[in-house]
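Read top to bottom, the protein sequences are chains A and B. Using the numbering used here, the final residue of the first sequence is 252, and nothing's skipped along the way. Using the numbering used here, the final residue of the second sequence is 803, and nothing's skipped along the way.
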Amino acid sequence: MAQIYPGTSQVAQNRRNFTNPEYELEKLREISDEDVVKILGHRAPGEDYKSVHPPLDEMDEPDDIVRELVTPIDGAKAGDRIRYIQFVDSMYFAPAQPYLRARSYLSRWRGIDTGTLSGRQVIEARERDIERLSKILLETEYFDTARTGIRGAGVHGHSLRLDENGLMFDMLRRQVFNKETGKVEMVRDQIGVDLDEPVVLGEPLDEETLKAKTTIYRIDGEAYKDDKEAVEVLHNIHVSRSFGAFDPNAGW
Amino acid sequence: MADKKFIDAMKQKFSEDPTEKTTQFYNMGGWTQSERKTAFVNEGKEIAEKRGIPMYNPDIGTPLGQRALMSYKLSTTDTYVEGDDLHFINNAAIQQAWDDIRRTVIVGLNTAHNVLEKRLGIEVTPETITNYLETVNHAMPGAAVVQEHMVETDPLVVQDSYVKVFTGDDELADEIDSAFVLDINKEFPEEQAEALKAEVGGAVWQAVRIPSIVGRVCDGGTTSRWSAMQIGMSMISAYNQCAGEGATGDFAYASKHAEVIHMGTYLPVRRARAENELGGVPFGFMADICQASRVHADDPVATSLEVVALGAALYDQIWLGSYMSGGVGFTQYATAAYTDDVLDDFTYYGKDYVEDKYGELCAAPNNMDTVLDVGTEVAFYALDQYEEYPALLETHFGGSQRASVISAAAGCSTAFATGNAQTGLSAWYLGMYLHKEQHSRLGFYGYDLQDQCGAANVFSIRNDEGLPLEMRGPNYPNYAMNVGHQGEYAGIAQAPHAARGDAWAFNPLIKIAFADKNLVFDFSQVRAEFAKGALREFEPAGERTVITPAK
């Protein structure tokens, strides 16, 4: 049986791919460092990072075995504040989906805090680290310009029908489809503040590619109930959790 | 498609076909598309002008109504309402459902009668009981019986207060003035009545309703105190007691402690609530308070889902949404369980599946195999509907709404199969796992915490490990702060009993006490009553108009 995530479907394989740190994520687009900073809206491009403590090597910290064992991430070394990026993933075949994000983030990266809801998924880290991770999350197969939203607040949309251009609903209309270029542009930052100039995110992935890359089971894609191995493992988990404190031979 | 119970509601809510995957947004006119919000704007303006402080203005904050502001159909009714009409502050029926529970306490007359007969040698007869009941029905609303210079309450303000009795002794019941009797034979189907009377036996119990307004001004803990004081005074008067003789202490002790059943238990100090507050109402009590079991005796789905509706409004919207959390958001989560016939569709599917597979209800083995079979079947059916009908997915646009409804259907259906609430509860958790893995999402942070650890304590009834579901309540560990669960748990607690044809789920006295036509809220048709409240057609009790300036 496959490790990391069970199942014989393509969805299961995609879940394994994202979650396996050895798997190299496919890069689908180029977003400049400056554009990432604009999208995040935490600082102006070129502005210094704000710090919440002096650089670690200037701090006279007491000896501690944990400090020796754990190498600080760059932002922690520098004393950066904690910042975030939050995504909304459409149930209509967006590539990444909330729990997949959490599981994959935690197996790929250190120094992060992540939170998972049905309609949004946040990752927090020191500012320069969140910028580095955001670039990966925006440029690779984690992201589709039409079905993945970058939204700090005002997040509804993951379960709503799509608009006439195939874009997910966003009450603040941060990502808009440019009919002339066929590309999606970000006209507001993730919290909804107008950008001076749009950031071009690129063309939406076509439906076939989305279905090939998605990590959501759906009956109009791959049905979870048809992935017998995945369901069998889930049943085992339910039975184990239910009887874990009891004598499995005697039953309950 | 025609067979799906939710289709009519979907067609009413959206202009497109329910299977359509695309729509248009941002051109709906914002909040102006809502009649109710438009009225709010006008009212807000008027109030602001009058008081000099700005008020309601939906143009502040995030833009409301960038998509269709949906109407909601109260399940099993033909009534469509706006979401705002189901907030408990805007719905007098939901308020009254809670008032009627909070102001109820069940008090035995048996200790008092023993004291009178065995200690004082005073005969107790149906006539003396009737005389006492006449006295207590004068006193309970807030009138005096043993002192001459007393202030009293205005009957118009407290007209919903009264006391009735019930007993399993038909002969005794016949001899007491019928105005004061809850007639078990009249209110329940024959088999249920026989079972209830056998359980009550020759004991006599009072269903006490203190005035709604007392519960609102004070708290649920007041109910037994107000009741006991008036009962004590009425005893003294009706049986010509000496005010202060030893026996009166026994009457007071019996009606305050020894022979009193609160609708909700006292909560630990960290939640700081007295008896008869919603956080202390066990799921089995909520199931028994609901009266659908006697009017839908042959329909376990209707019986269970009326309980879900009652629990969703009271536990989620009032208890968790306001007492515990504050804010206004919980209505949106909670109403998913009792609107648009969605849970009804999923649960009838489950019931049919169980009957087809196992021949009849309660015939499946009460074990994990049945949980895995029925729970999986129903959860997958429900999940399929959200994918087949994008309008349905948009209707339940939050994962926690979907999670509640999917798992409630899986839990009720499994309980129908086994006739046991614990296996129903196990299927609830299984439904959560299936949903989480299929869609890679579940509810919000706090929502699904309990769903990911709850399976471990389903099959234990040892102290600090678990409880039969009927005895669990909102204050059960991990159940204490999560919307979209407690009403559904109450429904699952009801489900096996509905399938078995039981007359009650947990406490027969509570079941009888709420089989009462004089209650303001009709607990036999919860969703229809909520609909009346939403349409502003429900007439509540305890209004203050008689003591306020005429408008």
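Each residue gets a CB set at the ideal place from its N, CA and C atoms; glycine is no exception. Please read all numbers here as calculations on a predicted model, not as lab measurements.
query                                                                                                                    : result
Chain-ordered neighbours of S273/B on chain A, where CB pairs are closer than 8 Å                                        : Note that residue 273/B is Lys in the sequence shown, not Ser. Result: Y92, R161, L162.
Exposure label - R522/B; buried when at least 16 CB within 10 Å                                                          : exposed
Contact check, L448/B vs P760/B, beta carbons under 7 Å                                                                  : yes
Within chain B, the residues that D220/A reaches when beta carbons sit closer than 7 Å                                   : E639
Partner residues on chain A for R546/B, Cβ-Cβ distance less than 7 Å                                                     : By Cβ distance, chain A contributes nothing, its closest Cβ being about 33 Å from R546/B, past 7 Å.
Boundaries (first-last residue) of the beta strand (DSSP E) holding H548/B                                               : Run containing H548/B: none; DSSP gives neither H nor E here.
Rounded separation between I136/A and V37/A - CA only                                                                    : 13 Å
Cβ neighbours of I532/B in the same chain (closer than 7 Å, five flanking residues each side left out)                   : For clarity, residue 532/B is Gly in the given sequence; the question names Ile instead. Hits under 7 Å: G516, T517, Y518, L519, R525, G725, N727.
Proximity winner among I4/A, I65/A, T215/A, relative to F93/A (alpha-carbon distances)                                   : T215/A
Cβ distance (whole Å) where T583/B is taken to contact G573/B below 8 Å                                                  : 7 Å
Beta-carbon gap between F790/B and K784/B smaller than 7 Å                                                               : yes
Residues near P198/A by beta carbon distance below 7 Å, same chain, minus five either side                               : E185, M186, V187
Own chain partners of P6/A with C-beta closer than 6 Å, once the 5 adjacent residues on each side are dropped            : E229, A230, V233
DSSP state of M684/B mapped onto helix, strand, coil                                                                     : helix
Amino acids of chain B, ordered along the chain, whose beta-carbon sits closer than 7 Å to that of H53/A                 : Within 7 Å Cβ-Cβ: nothing; H53/A doesn't reach chain B, min ~28 Å.
Alpha-carbon to alpha-carbon, T555/B and E124/A                                                                          : 46 Å
Residue of T328/B, G736/B, A425/B minimising C-alpha distance to Y585/B                                                  : G736/B
Straight-line Cα distance separating D189/A from A673/B                                                                  : 49 Å
Option in L562/B, N389/B, A431/B, A450/B with minimal Cα separation from G484/B                                          : N389/B
Cβ-Cβ separation, S464/B to G794/B (assumed contact under 8 Å), whole Å                                                  : 3 Å
3-residue-minimum beta strand (DSSP E) runs that sit fully inside the region 318-366 of chain B, ordered along the chain : 323-325, 332-334, 356-360
CB contact check: H691/B to chain A, cutoff 7 Å                                                                          : yes
Option nearest E334/B by Cα separation, candidates T271/B, A786/B, T475/B, K370/B                                        : A786/B
CB contact flag (D129/A, G41/A, <7 Å)                                                                                    : no
For A586/B: DSSP bridge partner residues                                                                                 : Paired residues: none, contrary to the question.
G202/A, enclosing beta strand (DSSP E) - first and last residue                                                          : 194-202
Members of the region 634-667 of chain B that neighbour chain A once the beta carbon cut-off is set at 7 Å               : D636, E639, E640, P642, L645, E646, F649, G650, G651, S652
T114/A at chain B interface by Cβ criterion, 7 Å                                                                         : no
Proximal residues of chain A, C-beta to C-beta of Y681/B below 9 Å                                                       : H238, R241, S242
Interface flag, P198/A vs chain B, CB-CB below 7 Å                                                                       : no
For W457/B, the three-state DSSP class (helix, strand or coil)                                                           : strand
Cα-Cα separation between E717/B and A707/B, rounded to whole angstroms                                                   : 11 Å
Residue of V410/B, N437/B, Q458/B, E379/B minimising C-alpha distance to I428/B                                          : E379/B
Cβ-based neighbour list, T145/A, same chain, cut-off 6 Å, excluding 5 preceding and 5 following                          : V184, L201, G202, P204
Helix, strand or coil at G7/A [DSSP, three-state]                                                                        : coil
Interface partners of Q175/A on chain B, CB under 9 Å                                                                    : Within chain B, no residue comes near Q175/A; the closest Cβ sits about 13 Å away, beyond 9 Å.
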